[in-house]
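Here the structure is laid out as structure tokens; the discussion comes afterwards.
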Amino acid sequence: MIQVGTYNELEVIKLMDFGIYLGDGTVEILMPAKWVPADTKVGDVMDVFVFRDSDDRLIATTIKPFAVAGEFAFLEVQQANNIGAFLDWGMEKNLLVPFREQPIKLLEGKSYVVYVYVDDDTNRMVASAKLNKFIEHENVKLKAGDIVDLLIFSETDKGFNAIINDTYAGLIYRNEIFESIRIGDRMKGFVKQVREDEKIDLSLQKSGYELVDDVKWRILKLLKEKNGFLPLHDGSSPDEIKNALQISKKAFKKAVGALYKEQLVKLTEKGVQLIR
Numbered sequence: 454m455i456q457v458g459t460y461n462e463l464e465v466i467k468l469m470d471f472g473i474y475l476g477d478g479t480v481e482i483l484m485p486a487k488w489v490p491a492d493t494k495v496g497d498v499m500d501v502f503v504f505r506d507s508d509d510r511l512i513a514t515t516i517k518p519f520a521v522a523g524e525f526a527f528l529e530v531q532q533a534n535n536i537g538a539f540l541d542w543g544m545e546k547n548l549l550v551p552f553r554e555q556p557i558k559l560l561e562g563k564s565y566v567v568y569v570y571v572d573d574d575t576n577r578m579v580a581s582a583k584l585n586k587f588i589e590h591e592n593v594k595l596k597a598g599d600i601v602d603l604l605i606f607s608e609t610d611k612g613f614n615a616i617i618n619d620t621y622a623g624l625i626y627r628n629e630i631f632e633s634i635r636i637g638d639r640m641k642g643f644v645k646q647v648r649e650d651e652k653i654d655l656s657l658q659k660s661g662y663e664l665v666d667d668v669k670w671r672i673l674k675l676l677k678e679k680n681g682f683l684p685l686h687d688g689s690s691p692d693e694i695k696n697a698l699q700i701s702k703k704a705f706k707k708a709v710g711a712l713y714k715e716q717l718v719k720l721t722e723k724g725v726q727l728i729r
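Just so we're aligned, residue 454 is where the sequence shown starts under the numbering used here, counting upward by one.
Structure (structure tokens):
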């Protein structure tokens, strides 16, 4: 069955002057000539994005939008009027966020995290800035240590909230962030814990022995770049360590201790010296 708002593998059925028709054996969909790749022939199978045009016709395209149905994305408002806000999502026509789907008025020129979906009433692609109703809060199928895809969507006193795998939401605590991040950023992260109330704590760093190994590699790499010496030690401030390595002082001390035991470095009052 052809799915609107996402990618479908369809077979080329007809070649016409104005484009091609693709199908799945039951439905035929037009792809206008401007999107048809050269040397396309009947029988080819193509991975295409399917949407409805202004005349409510199913259309296939080789253009890849910034997001498909069921995904969250950080998109810029190109126009705002009495109908709603229209977002640039990589297609020829902008994506509508109706007024009813705006928790605050979306402003032209600003970017917002939205959820992209197919409207049940019109069967057309729309977006919503009311993220909470599209986030799953129960039956969390994640566990501590899982590597996840994150999209930062809001900032609080505690830290940054992130969409997890286009499904859940979690919190990265401010005191555990050692790099510059902002709303709209995408990154890999780690599940720190799933609480009893199913709220999710996140981390941008590995934990336990994996973290120590990662930091050890980072320190050795920086030592080689700095001619074998790093002016960081027990007396260095957390900010100095954070600026140099994007890690906490605690993680730094654990990793340096491990490198010392492995006789890869020696520790001096002025810093860490690589043993060649």
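Note that CB positions come from ideal geometry on N, CA and C, so glycine has one too.
Check: Would you mind giving the Cβ-Cβ distance between residue 455 and residue 465, rounded to the nearest angstrom? I have them listed as a contact below 8 Å.; Outcome: About 15 Å; that fails the 8 Å criterion.
Check: Out of curiosity, what's the CA-to-CA distance linking residue 677 and residue 524?; Outcome: 42 Å
Check: Along the chain, where does the alpha helix (DSSP H) containing residue 504 start, and where does it finish?; Outcome: Careful: residue 504 lies outside any alpha helix (DSSP H), inside the beta strand (DSSP E) at 498-505.
Check: Report, in whole angstroms, the separation of the C-beta atoms of residue 527 and residue 566, which I expect to be a contact under 8 Å.; Outcome: 5 Å
Check: Does residue 714 come out as helix, strand or coil in the three-state DSSP assignment?; Outcome: helix
Check: Tell me the start and end of each unbroken beta strand (DSSP E) in the region 499-564 that is at least 3 residues and wholly inside, in chain order.; Outcome: 511-514, 524-533, 537-541, 548-551
Check: Let me know if residue 469 comes out buried or exposed under the rule of 16 or more other beta-carbons within 10 Å of its beta-carbon.; Outcome: exposed
Check: Between residue 602 and residue 618, is the Cβ-Cβ spacing less than 7 Å?; Outcome: yes
Check: Measuring alpha carbon to alpha carbon, tell me which residue in 488, 512, 569 is nearest residue 520.; Outcome: 569
Check: Can you name, in chain order, every residue of its own chain whose Cβ lies under 8 Å from the Cβ of residue 591, other than the five neighbours on each side?; Outcome: 651
Check: Extract the residue ranges of the alpha helix (DSSP H) inside the region 575-649, only unbroken runs of 4 or more that lie entirely within it.; Outcome: none
Check: For residue 461, which residues does DSSP report across the bridge?; Outcome: 501
Check: Counting C-beta neighbours from all protein chains within 10 Å, is the total for residue 731 16 or more, i.e. buried, or is it exposed?; Outcome: Residue 731 cannot be examined here, being either before or after the span of the chain that is shown, 454 to 729.
Check: On the DSSP letters alone, give me the boundaries of the alpha helix (DSSP H) that residue 490 sits inside.; Outcome: Counting along the chain, residue 490 falls outside any alpha helix (DSSP H), and DSSP gives it neither H nor E.
Check: Are there any heavy atoms of the ligand NAP lying less than 6 Å away from the beta-carbon of residue 518, as far as the coordinates show?; Outcome: Judged by which ligands are present, the structure shown has none, so any question about the ligand NAP falls away.
Check: How about the region 502-519 and the region 539-555: do they share at least three Cβ pairs that are nearer than 8 Å?; Outcome: yes
Check: Near residue 716, which residues of its chain fall below 6 Å by C-beta distance, leaving aside the five closest residues on each side in sequence?; Outcome: none
Check: Taking the Cβ atom as the reference point for each residue, do residue 529 and residue 498 lie within a distance shorter than 7 Å?; Outcome: no
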